[in-house]
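Report on one structure; see the data block that follows.
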Ligand SMILES: *Cc1c(COP(=O)(O)O)cnc(C)c1O
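Put into structure tokens, the structure is as follows:
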């Protein structure tokens, strides 16, 4: 066969750590804390990085390396590191690159724990931040300071599903020498590849669509080789490394990620269209609905709309809670990106500690419901949501 690049669907299935002497077909799990040296010279060469090979699982492991290699292929990035959770990936990117006195630019609706790192932890080390509005890119230039070193954004955002034009932001950061970090959890590399659009680092919570079955916590960062090398040193010494077992799970799950995303997106679009026809629903937000204010950008930047749909139920907070209680099939749980459809009411749960004004600032209205549409037959999901709305 002549040399040609494999399609992504093939690469995520066929990329594999070399087999052991048992010639296993599916990758083995390397549950070992350390790896042996042939002799004193081999040990010296490994530590001096003159030889390739494993040393200690906090530094690296065959299962972890296999997972990273597939993530790099999916994101089209040259290098990566895997971490114990999505949040350890965010924290490693920030703490591993920033110095005291640096300033961070962040899109306002970031994941709750990212918000906590920016507002409670980094200020202790003299690292400041400014929130900017995803929908108003023209205001970003005024928020930049001479000390702005890094920009972190989520697109689509959680739970507002607002988008940021990554090609525009990539250029904005490049001309100002700002490191751009994109949280690509909602889109996954199947729908959106921020590295090609100018991001320096792409972050994932592998807990979500990458595992896709609600089993394990993990994270990954891929991107620019020089930055990843710096972060790899930070990770090796501070220790938020991914366990080999979780890496094995995630790597196996990646084999079906393209297929799963296709169905998540198809089911989500069906649910979004159904909700738009319901009288108890004030509005529906989904990137691939023509009614989304950034529909044109969504079509340019993403190959499909993703698996998350949000809508506003009329009747506010009380009606939102009543809707959740009436669901029979959909799960009530604090996760997303699962085979099982999950419904959440942010105002009374994940964002209940915020004031109503703070919630509004990040697009969380009292009756906002977020649905992570799973892989059940869409007729069953629509029937459950329909009956819970009071059909
Ligand atoms: C879940 C999530 C995270 C955090 O990941 P964990 O694996 O829970 O640590 C970060 N960003 C987004 C958008 C998420 O959904």
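Numbering (my numbering), first residue to last: 393 to 783.
Glycine residues also receive a C-beta, built at the ideal position from the N, C-alpha and C atoms.
Quick check on residue 596: does DSSP put it in helix, strand or coil?
strand
What does DSSP give as the partner residue(s) for residue 448 in the beta ladder?
426
Alpha-carbon spacing of residue 494 relative to residue 574, whole angstroms
19 angstroms
Pairwise C-alpha distance: residue 450 and residue 393
Confidence at residue 393 is low in this model, with a pLDDT of 49, below 50, so its placement is unreliable and no value can be given for it.
For the stretch 725-772, which segments carrying the beta strand (DSSP E) assignment without a break, of at least 3 residues, lie completely within its bounds, in sequence order?
734-736 and 760-764
Can you name the start and end residues of the alpha helix (DSSP H) that residue 476 belongs to?
Here residue 476 belongs to no alpha helix (DSSP H), and DSSP marks it neither H nor E.
Look up residue 400 in the DSSP assignment and give the residues it is bridged to.
Residue 400 is not bridged to any residue.
The beta strand (DSSP E) with residue 703 in it runs from where to where?
700-705
Please report the distance separating the alpha-carbon of residue 687 from that of residue 527.
13 angstroms
From the DSSP secondary-structure annotation, give me the bridge partner or partners of residue 678.
Paired residues: none, contrary to the question.
Residue 501 to residue 725, Cα distance in whole Å?
21 angstroms
Quick check on this structure: which residue in 503, 543, 606 and 470 has the alpha carbon closest to the alpha carbon of residue 489?
543
Beta-carbon within less than 7 angstroms of residue 742's beta-carbon, same chain only, minus the 5 sequence neighbours each way: which residues are those?
504, 726 and 736
Could you name the residues that DSSP lists as bridge partners for residue 524?
499
Along the beta strand (DSSP E) that carries residue 542, what are the first and last residues, could you check?
540-546
I need the straight-line Cα distance from residue 641 to residue 440, nearest angstrom please.
31 angstroms
Say the cut is 7 angstroms; is the CB of residue 609 nearer than that to a heavy atom of ligand 1?
yes
Residue 426 vs residue 420 beta-carbon contact at 8 angstroms
no
Which listed residue (648, 486, 707 and 639) has its alpha carbon closest to that of residue 672
707
Using CA coordinates, which residue listed in 670, 423 and 486 is at the minimum distance from residue 626?
486
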